[in-house]
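In the numbering used here, the protein residues as written are 927 to 1353. These notes are about the structure you will find just below.
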Ligand SMILES: Cc1ncc(COP(=O)(O)O)c(C=O)c1O
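Okay, here's the thing in structure tokens:
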């Protein structure tokens, strides 16, 4: 295995169900990572397993560019209906979130005849070269991989903690247009409605609304990257709905297909159709097994009332995280996020930066039977991506493990530098 591939935990999984994982030694864990936001519907939802099994018995692959199949069209119709916007929409299916963000930009460039793209600092859009160029976090993703794609500009993400409230972030965008690229040369804005890898920081709704207005004024395509926020994680199907903003294009992946690799771009028909036939696709894009899983996943969202469950789960998670902040006010800064996409930020201390503290809590929690993840530019945030269908018992066990981990680490904070493995933050 290449050294560049790493894992957050010394964990070899043998089985998974709902919000639980079992390792090869039979040890059970509560899963607060959900394969980084992929398992909103839980591991091995029976309807998803059944749908994939049925598809397996029919055919597993044709390549849509060679032979078409109903599942792809059905998923496209579902996404067209789900994506916000009272206008005709079309969908492109792919396999990964990185492909989704790259293809959104290809489509926006084809539709506008412009080259430039504006992304936002601390945003994460994937590991392939254009996606990586748009990503606003250097370590560990970018530092050895330049040169990057041309005509990508970054503006500060609106986050008051980093000195950019909505007004200041909008001024910085103005300045970008004055000093580096003319708005009329910009094909697209791409933004996460809530920073995922960047630390679970929601963009203020007024900023997103103003971005919509600026996009309209200059003919810029507004792309929202809902790869991590989508499919109920923030309490609505897509986070952007809560801002009352309608994007031109929306990228999705992760929880759309209950653990199978599926991703895509959905949006305004006239923008999606700017690309000539043959200009979009991919050998595995919209794989039949993944499409079958997506249809079963989306049905289960309705049948199991997952959005209502997400809202209730978000309240429980927030209450448990609030209690942690109250218990350790000098070491845990705040609870951040939207809906059930929540995190706590650990506070740096001299000789013991926040990064090591969050990483050590995650490592201690693993010993206590909880699989959790860090996030944020310094891996200073502990993020919760528990399946939205987690039971009360799953949550109680997971948070009790987290409480014990915090008690252990915060009582004995040693001010030692963290190990390399503890520091790595994986998306
Ligand atoms: C917001 C966002 N965009 C894009 C990606 C890239 O997705 P993938 O890892 O499937 O390429 C991710 C992955 O975490 C993400 O969170």
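Virtual Cβ for every residue (Gly too), placed ideally from N, Cα, C.
Would you identify the three-state DSSP class for residue i, choosing helix, strand or coil?
| i | result |
| --- | --- |
| residue 1045 | strand |
| residue 1257 | coil |
| residue 1080 | strand |
| residue 1358 | With the chain represented from 927 up to 1353, any question about residue 1358 goes unanswered, as that position is not in the structure. |
| residue 1146 | coil |
| residue 929 | coil |
| residue 1075 | coil |
| residue 1349 | Any answer about residue 1349 is weak, because its pLDDT of 40 lies below 50 and its placement is not dependable; what the coordinates show is given next. It is helical. |
| residue 1280 | Summary for residue 1280: the model assigns pLDDT 46, below 50, so the residue's position carries little reliability, and this model does not support an answer. |
| residue 1052 | coil |
| residue 1321 | helix |
| residue 1287 | helix |
| residue 934 | coil |
| residue 1314 | coil |
| residue 1272 | strand |
| residue 1066 | coil |
| residue 1164 | coil |
| residue 911 | No answer is possible for residue 911: the residues shown for the chain start at 927 and end at 1353. |
| residue 1133 | helix |
| residue 1097 | helix |
| residue 1292 | helix |
| residue 1177 | strand |
| residue 1333 | helix |
| residue 1183 | helix |
| residue 941 | strand |
| residue 1059 | helix |
| residue 1159 | coil |
| residue 1108 | coil |
Per DSSP, what are the beta-bridge partners of residue i in this structure?
| i | result |
| --- | --- |
| residue 955 | 947 |
| residue 1267 | 1264 |
| residue 1244 | According to DSSP, residue 1244 bridges with nothing at all. |
| residue 1127 | 1121 |
| residue 1114 | 1043 and 1147 |
| residue 1297 | 957 |
| residue 1326 | Answer by DSSP bridge pairing: none, since residue 1326 is not bridged. |
| residue 1307 | 1271 and 1301 |
| residue 1085 | 1090 |
Rounded C-beta distance between residue i and residue j? I'm assuming under 8 angstroms.
| i | j | result |
| --- | --- | --- |
| residue 962 | residue 1299 | 7 angstroms |
| residue 956 | residue 949 | The pair is not a contact, with the Cβ atoms about 13 angstroms apart (cut-off 8 angstroms). |
| residue 1137 | residue 1148 | 7 angstroms |
| residue 992 | residue 1218 | Not a contact, Cβ separation roughly 18 angstroms. |
| residue 945 | residue 970 | 11 angstroms between Cβ atoms; not a contact. |
| residue 997 | residue 1214 | 5 angstroms |
| residue 1357 | residue 1189 | Residue 1357 falls outside the range modelled here, since the chain spans only 927 to 1353, and no answer is possible. |
| residue 1103 | residue 1146 | Contact doesn't hold; Cβ gap of about 10 angstroms is too wide. |
| residue 982 | residue 1002 | Rounded, the Cβ-Cβ distance is 22 angstroms, inconsistent with contact. |
| residue 1074 | residue 1059 | 4 angstroms |
| residue 1195 | residue 1014 | 4 angstroms |
| residue 1124 | residue 1083 | 7 angstroms |
| residue 1007 | residue 1191 | Not quite, the Cβ-Cβ distance comes to about 16 angstroms (not below 8 angstroms), so this is no contact. |
| residue 1383 | residue 958 | Shown here, the chain extends from 927 to 1353; a query on residue 1383 therefore has no answer. |
| residue 1118 | residue 1151 | 5 angstroms |
| residue 1321 | residue 1242 | 6 angstroms |
| residue 1165 | residue 1264 | 6 angstroms |
| residue 1161 | residue 1237 | 5 angstroms |
| residue 1035 | residue 1126 | The pair is not a contact, with the Cβ atoms about 30 angstroms apart (cut-off 8 angstroms). |
| residue 1289 | residue 1307 | Residue 1289 to residue 1307, Cβ: 15 angstroms. No contact. |
| residue 1026 | residue 1232 | Not really, about 22 angstroms apart at Cβ, beyond 8 angstroms. |
| residue 1269 | residue 1301 | 6 angstroms |
| residue 1212 | residue 990 | 5 angstroms |
| residue 1175 | residue 1193 | 4 angstroms |
Is there at least one non-hydrogen atom of ligand 3 closer than 7 angstroms to the beta-carbon of residue i?
| i | result |
| --- | --- |
| residue 1145 | Ligands in the displayed structure: ligand 1; ligand 3 is not one of them. |
Using beta carbons (cut-off 8 angstroms, strictly below), is residue i in contact with chain C?
| i | result |
| --- | --- |
| residue 1302 | In the displayed structure, chain C is absent; only one protein chain is listed. |
Taking only runs of the alpha helix (DSSP H) that begin and end inside the stretch 953 to 1037, which ones reach a length of at least 4 residues, in chain order?
-> For the stretch 953 to 1037, whole alpha helix (DSSP H) runs of length 4 or above, ordered along the chain, are 960 to 963, 972 to 984 and 996 to 1008.
What are the complete alpha helix (DSSP H) segments, minimum 4 residues, inside the stretch 1187 to 1256?
-> Under the rule that a run must span 4 or more residues, the alpha helix (DSSP H) segments found entirely inside the stretch 1187 to 1256 read 1195 to 1198, 1214 to 1229 and 1232 to 1253.
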